[in-house]
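Following the numbering used here, the numbering of the sequence shown begins with 1049 at its first residue and continues without gaps.
C-beta: ideal position from N, C-alpha, C; glycine also.
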Amino acid sequence: MPKLNVEGVGEFEVEEGTRLVLALTDAAQVDQLHACGGQGRCTTCRVEITDGAPAQMTAAEKETLT
1049 MPKLNVEGVG EFEVEEGTRL VLALTDAAQV DQLHACGGQG RCTTCRVEIT DGAPAQMTAA
1109 EKETLT
């Protein structure tokens, strides 16, 4: 099961495929301001992949991350 490490809060296991905003608010109980409603569209969230590889990304996602 994927793990979410929230700096200063702790590490949490989350269901694979869970959107980051929902993992933050549901698993980590972190009040994360976001404008997209958990749909991954507003680019408010920031992640660092520390192990493994991300799932297949669209060209737009790759462009945003570089």
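Within the DSSP bridge table, the entry for Gly1100 names no partner.
Each of Ala1076, Ala1107 and Thr1114 was checked against the Cα of Gly1056, and the nearest Cα belongs to Ala1076. Taking a C-beta distance under 7 Å as the contact criterion, Leu1052 and Phe1060 qualify as a contact pair.
The residue among Thr1112, Thr1092, Gly1100 and Gln1087 with its C-alpha nearest the C-alpha of Met1049 is Gly1100. Using a Cβ distance threshold of 7 Å, Gln1080 and Val1069 count as a contacting pair.
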